[in-house]
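S.K.: Residue numbers (the working numbering), protein chains in the order written: chain A, 15 to 316; chain B, 15 to 316; chain C, 15 to 316; chain D, 15 to 316.
C-beta: ideal position from N, C-alpha, C; glycine also.
First, the structure itself, so that you have it in front of you.
Number of protein chains: 4
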Amino acid sequence: MPLNPEQQAEIDELRATPQPTLRAVSEGMEAHLYKAYDVLDHGFIRVIDYMGDDAAITQAARVSYGKGTKSVQNDEGLIRYLMRHWHSTPFEMCEIKLHVKLPVFVARQWIRHRTANVNEYSARYSILDREFYIPSPEHLAAQSEINNQGRGAALQGAEAAQVLEILKTDSNRAYDNYEQMISEDGQAGLARELARMNLPANIYTQWYWKVDLHNLFHFLRLRADSHAQYEIRVYADAICKVVADWVPAAYAAFEDYRMGGVNLSGKGVDCLKRMLAGETVTQETSGMSKGEWREFRALLDD
Amino acid sequence: MPLNPEQQAEIDELRATPQPTLRAVSEGMEAHLYKAYDVLDHGFIRVIDYMGDDAAITQAARVSYGKGTKSVQNDEGLIRYLMRHWHSTPFEMCEIKLHVKLPVFVARQWIRHRTANVNEYSARYSILDREFYIPSPEHLAAQSEINNQGRGAALQGAEAAQVLEILKTDSNRAYDNYEQMISEDGQAGLARELARMNLPANIYTQWYWKVDLHNLFHFLRLRADSHAQYEIRVYADAICKVVADWVPAAYAAFEDYRMGGVNLSGKGVDCLKRMLAGETVTQETSGMSKGEWREFRALLDD
Amino acid sequence: MPLNPEQQAEIDELRATPQPTLRAVSEGMEAHLYKAYDVLDHGFIRVIDYMGDDAAITQAARVSYGKGTKSVQNDEGLIRYLMRHWHSTPFEMCEIKLHVKLPVFVARQWIRHRTANVNEYSARYSILDREFYIPSPEHLAAQSEINNQGRGAALQGAEAAQVLEILKTDSNRAYDNYEQMISEDGQAGLARELARMNLPANIYTQWYWKVDLHNLFHFLRLRADSHAQYEIRVYADAICKVVADWVPAAYAAFEDYRMGGVNLSGKGVDCLKRMLAGETVTQETSGMSKGEWREFRALLDD
Amino acid sequence: MPLNPEQQAEIDELRATPQPTLRAVSEGMEAHLYKAYDVLDHGFIRVIDYMGDDAAITQAARVSYGKGTKSVQNDEGLIRYLMRHWHSTPFEMCEIKLHVKLPVFVARQWIRHRTANVNEYSARYSILDREFYIPSPEHLAAQSEINNQGRGAALQGAEAAQVLEILKTDSNRAYDNYEQMISEDGQAGLARELARMNLPANIYTQWYWKVDLHNLFHFLRLRADSHAQYEIRVYADAICKVVADWVPAAYAAFEDYRMGGVNLSGKGVDCLKRMLAGETVTQETSGMSKGEWREFRALLDD
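Set out below in structure tokens:
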């Protein structure tokens with residue numbers, strides 16, 4: 015369980031005290047505020063704050079004095095138009111702030127998305143908790159045989175058991191030794207900024223992460239994708255759920271144009287036209303490499 | 015007057031409808047929301063939205079579950095510490111969205127601040143209004159004689175009158191011709207995206223501008239500075255007033271450490287130490303160039 | 015002619031003095047260095063410097079100690095793979111620095127691309143030249159009747175003549191008055207930072223613009239597109255030519271996947287599958303709006 | 015030793031093949047290209063590429079057609095002026111690309127500097143080497159007693175020995191188990207993207223890191239500072255050495271105004287003026303908190 019009673023009490027207190035505001039309010043998002051949604055075995059995401067709603071996107075696109083929206087239907091059409099034509103700046107007018115608890119190796123992928131604001135729990139200043147990500151058996155996957163950067167089927171039997179045993183034992187030993195090294199009981203105690211180096215990448219860290227909606231969509235497109243590593247994808251999936259309630263029209267457009275959409279190369283478009291004209295196109299006649307052809311066929315077949 | 019009655023009515027409507035929220039609320043900022051504060055002869059700034067308050071800064075710095083603030087005094091001390099030691103990320107956790115109406119030549123300086131989100135009124139799509147910045151006589155300054163990039167005293171008499179006459183006449187003629195070129199009355203009508211090229215840089219444009227507090231402080235430090243061009247400084251000054259009400263502790267720290275603070279070079283520090291030890295230091299013995307020495311003395315004398 | 019003899023002599027001098035370097039050298043790019051390629055009536059682009067070549071992209075992708083390339087063919091395949099799968103960071107490892115002379119209204123579109131470095135000629139500090147963009151007759155387009163943000167056919171006869179007359183006359187009058195206002199002959203002279211406000215948006219400015227290859231490709235995809243305004247598209251086209259010689263493999267991948275490629279929505283993919291299965295799909299049965307359907311058909315028909 | 019013979023041969027090959035270029039060349043930097051400078055026990059920095067030199071800074075500031083430099087002395091004066099007045103864009107016109115090998119816990123601090131381009135060795139795709147940072151005894155520091163985020167004196171005797179023993183043993187066991195889990199010898203083999211989670215934060219990673227000179231100076235100011243963690247400071251120190259040879263004038267200005275310079279608050283300036291006027295100022299009469307006063311005194315006393 016990721017939260018202790020004291021933390022839960024702090025969250026409950028925040029949810030108990032609505033205040034009046036003149037700002038745009040997303041009722042769908044208010045229902046999520048501060049709540050911790052579990053991800054992996056000890057992680058979570060929590061919405062700490064947000065700015066804007068669907069109407070804020072069209073209001074900015076129109077640079078208007080008032081709400082900038084005459085009808086919900088018009089707004090949805092405009093949002094779809096903006097998404098389809100890669101107008102990014104109106105989506106940047108919404109902002110979200112999350113509190114995320116996540117394993118360090120997930121954090122290292124996440125931080126590559128540079129257009130965001132981050133405050134991470136400091137292991138120079140503070141002592142980390144004894145919390146490590148141990149995969150559930152069904153996610154203990156073998157190395158993929160066809161893709162260097164991918165997973166195959168779940169490990170079975172003794173191999174799976176041994177891996178779990180290694181991960182648990184090494185994590186705990188590393189943490190025992192971390193505690194031993196920083197202990198000031200009968201010794202000076204190693205500096206925290208040094209002791210942390212003994213901790214493995216499955217230890218949990220946490221941070222505040224703030225990002226605008228355009229850059230969040232970019233993050234979600236890459237990280238909620240089926241090729242993303244499972245352990246970051248589950249965070250992206252959890253975020254998708256709150257975004258769908260926050261800005262329903264923008265999220266629907268994102269789903270249709272980005273998550274459900276595809277990119278075709280010029281060669282791909284040529285092949286399609288020939289196929290629609292009745293020609294049978296093969297990899298040999300496509301002008302594509304084998305890898306490209308396989309990916310092209312997958313778009314049309316799956 | 016920058017707003018017409020319809021625009022004012024839209025603003026009044028937005029201010030009339032408070033809604034409950036669970037988010038952090040800055041009461042000082044709520045009082046400013048949507049109101050247009052006049053700047054120059056036709057411009058304004060208006061706060062459209064904001065995220066966070068003083069407590070949000072320390073909450074992020076501490077990566078806490080609740081409000082992250084035990085006492086206002088502790089928060090102020092922490093905010094001053096963060097500002098003094100150039101910790102930028104906690105200040106990035108607050109965000110503001112402004113609607114600004116400003117002359118194009120001011121907009122071109124403003125947009126150099128890249129870490130911000132902008133949606134500008136489109137002169138490709140829409141027709142611009144006949145509104146031009148005409149300086150008031152006291153701001154009709156002569157070229158500085160000592161600084162290529164500066165102003166001297168206000169122009170006087172016939173020269174001032176002639177300049178005002180030129181600015182008004184040329185602006186209006188340019189706009190007359192803009193209207194004439196795009197007119198579809200008895201002719202095809204020039205494309206708006208082309209016709210706009212006839213309009214001078216004192217025409218007003220407007221945009222939505224969203225920025226985090228850290229980058230806003232950077233903008234304000236440069237643009238509210240006495241060396242900034244007067245026409246952008248008045249915008250920065252107007253923004254300072256709302257920021258002071260939004261995040262009073264952060265703004266006070268900003269005033270002390272950034273606006274009121276100074277940067278000394280290593281040579282400057284050496285000189286100071288010698289001066290405090292009783293030595294009389296001159297430009298010749300300072301190791302500084304004449305320009306540096308003049309600026310160094312100005313810090314201590316003004 | 016954009017360059018005066020003195021400027022041309024400075025460029026010739028730079029091109030006359032090769033020096034040895036151990037860095038990656040792109041021979042295709044060396045041929046372009048410093049040369050001014052004319053754009054519009056007074057503008058140009060010039061490559062001032064560059065970093066990296068095709069091999070630098072794969073070298074970074076592989077984090078290798080040497081050149082990181084065993085064969086040109088492997089490099090091309092990897093570059094195509096990286097482009098196809100939206101790996102942006104290896105393309106960021108190449109950098110280009112341009113000197114661009116361009117009308118102010120083009121500069122204002124250009125500067126919206128924020129991830130770049132810019133030093134612009136300062137009209138606060140210096141006096142601008144009397145150079146204005148006057149469209150050639152074939153580019154003097156009417157407002158589009160179907161697209162608020164577009165152009166129709168070229169203006170004809172008396173209307174075209176009148177527009178050209180207005181643009182020329184207003185530009186010159188504005189400049190005459192600019193000169194008059196800043197003149198210190200018998201008067202104080204208005205500050206340059208103020209006088210510039212009288213100049214229209216077709217006056218030329220110039221800047222140094224530095225950008226990495228990933229962000230340059232993003233710029234080119236939007237600005238070399240057929241929907242971009244003609245006056246910025248010709249700059250993008252000129253840049254495309256030098257990039258094609260600088261990083262031929264990366265540019266070929268960009269052309270196939272970005273410029274020649276298309277994005278389909280989830281609805282679009284569904285329709286395609288039905289069409290490939292022999293179904294006749296119409297707008298009514300497509301699930302798309304009329305605008306989306308028109309754009310979808312255009313992808314397959316053009 | 016960080017490099018194996020094959021890697022060294024690749025570097026030697028690159029250094030053996032100068033080619034002519036028309037670009038700006040920094041002779042001081044050419045001497046450093048590709049060479050690996052040792053940092054910590056297994057790390058290094060290597061310059062892979064660079065763009066620009068001191069003259070490129072002033073050339074961009076002047077937006078000039080040629081080299082933009084009439085005399086070295088003028089260039090130095092202009093560079094000092096630009097640095098003193100926080101003109102950042104001319105310094106952004108120089109760029110450097112480094113190959114860095116560094117412990118993961120250092121990489122996690124480093125990556126917080128977002129305005130840079132990074133390609134990191136992928137532990138999803140590849141197998142990491144058995145290389146761990148083990149501090150030398152003199153850098154095995156105790157936790158600071160006065161600063162939560164700092165170090166005290168080096169550990170002594172049995173405590174130091176035990177810490178070293180823990181770090182070595184845990185690292186090696188973690189790596190043994192990493193190898194065991196990914197082994198495909200008689201078992202499926204755990205996916206690399208999962209197995210890496212068992213590795214501690216003192217394992218070495220490597221990346222290509224590209225940054226402009228302005229942002230590099232910002233990095234160096236924070237990371238070459240005496241308050242930075244020792245393990246990242248040594249990287250910053252190594253980079254300082256090559257930058258000093260690359261752009262000597264800019265680096266000298268950086269040293270004087272940033273590294274050797276100080277920031278005083280408005281209160282600090284007030285106190286200084288009073289002290290220069292002969293008054294004895296104490297913390298009580300300074301208006302500063304105890305912490306601020308201690309830091310203020312340290313500036314003047316050290």
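#1: What would DSSP say about P104/A, mapped onto helix, strand or coil?
#2: Which residue's Cα is closest to the Cα of I196/A: A188/A, Q220/A, R187/A and R206/A?
#3: Contact criterion: CB-CB distance below 9 Å. Does T72/C meet it with respect to chain B?
#4: Kindly list, in the order they appear in chain C, the residues whose Cβ is closer than 8 Å to that of Y271/A.
#5: Can you find a C-beta in chain D that's less than 9 Å from the C-beta of S300/C?
#6: For the beta strand (DSSP E) that D190/A lies in, which residues bound it at each end?
#7: Looking at the structure shown, is Q87/B part of a helix, part of a strand, or coil, going by DSSP?
#8: For R237/C, decide whether its Cβ has a neighbour in chain B, counting only Cβ atoms nearer than 9 Å.
#9: Decide if L290/C is buried, meaning its Cβ has at least 16 other Cβ atoms within 10 Å, or exposed.
#10: Please determine, among P117/D, D190/D and A263/D, the residue with the shortest C-alpha to C-alpha distance to N88/D.
#11: Do G91/C and K281/A have their CB atoms nearer than 9 Å?
#12: Report all residues from its chain with a CB closer than 6 Å to the CB of G57/D; omit the five preceding and five following residues, and keep chain order.
#13: Measuring only between beta-carbons, confirm whether V77/A sits less than 9 Å from chain C.
#14: Please return the same chain residues whose Cβ sits closer than 8 Å to the Cβ of I141/A, not counting the five positions on each side in sequence.
#15: Less than 9 Å separating the beta-carbons of I125/C and I125/B?
#16: Just to confirm the assignment, what range does the alpha helix (DSSP H) spanning L290/C have?
#17: For the stretch 103-122 of chain D, list every residue whose C-beta sits within 7 Å of some C-beta in chain B, in sequence order.
#18: Please classify Q201/D as buried or exposed, where buried requires at least 16 neighbouring CB atoms within 10 angstroms.
#19: Would you kindly work out how many angstroms separate the C-alpha atoms of S300/A and R122/C, rounded to a whole number?
#20: How many angstroms separate the CA atom of S136/B from the CA atom of A75/A?
#21: Skipping 5 residues on each side, what residues in its chain have a beta carbon closer than 8 Å to that of R60/B?
#22: State the DSSP-derived secondary structure class of N131/C, mapped to helix, strand or coil.
#23: Report the residues of the stretch 215-231 of chain C with a CB closer than 8 Å to any CB of chain D, ordered along the chain.
#24: Go ahead and pull the three-state DSSP assignment for T296/A.
#25: In three-state terms, what does DSSP make of A38/C?
#26: Flag G66/C as yes if its beta-carbon sits less than 9 Å from any beta-carbon of chain D, otherwise no.
#27: Using a Cβ-Cβ distance cut-off of 9 Å, determine whether L234/A contacts chain C.
#28: Kindly list the residues whose CB is nearer than 7 Å to the CB of V53/D, restricted to its own chain and excluding five residues on each side of it in sequence; keep chain order.
#29: To the nearest angstrom, report how far apart W221/C and R272/C are at their CA atoms.
#30: Establish whether the CB of E193/C and some CB of chain D are separated by less than 9 Å.
#31: Measure the beta-carbon distance from D63/C to G66/D and round it to whole angstroms, keeping in mind my assumption that it falls under 8 Å.
#32: According to DSSP, is A156/C part of a helix, a strand, or is it coil?
#33: If you scan the stretch 38-73 of chain D from start to end, which runs of the beta strand (DSSP E) of 3 or more residues do you find wholly inside it?
#34: List the DSSP bridge partners of P117/A.
#35: In the DSSP output, which residue or residues are listed as bridge partners for R165/B?
M.R.: The structure says:
#1: coil
#2: R206/A
#3: no
#4: N277, S279 and G280
#5: no
#6: That residue, D190/A, is in no beta strand (DSSP E); its alpha helix (DSSP H) goes G171 to I196.
#7: helix
#8: no
#9: exposed
#10: A263/D
#11: no
#12: K115 and L116
#13: no
#14: I196 and R206
#15: yes
#16: G280 to L290
#17: none
#18: buried
#19: 42 Å
#20: 9 Å
#21: I25, Y48, K49, A50, Y51, L112, H113 and V114
#22: strand
#23: Q220, W221, Y222, K224 and D226
#24: coil
#25: coil
#26: yes
#27: no
#28: I59, V248, Y249 and A252
#29: 27 Å
#30: no
#31: 6 Å
#32: strand
#33: 50-53 and 57-65
#34: Y218/A
#35: Q157/B
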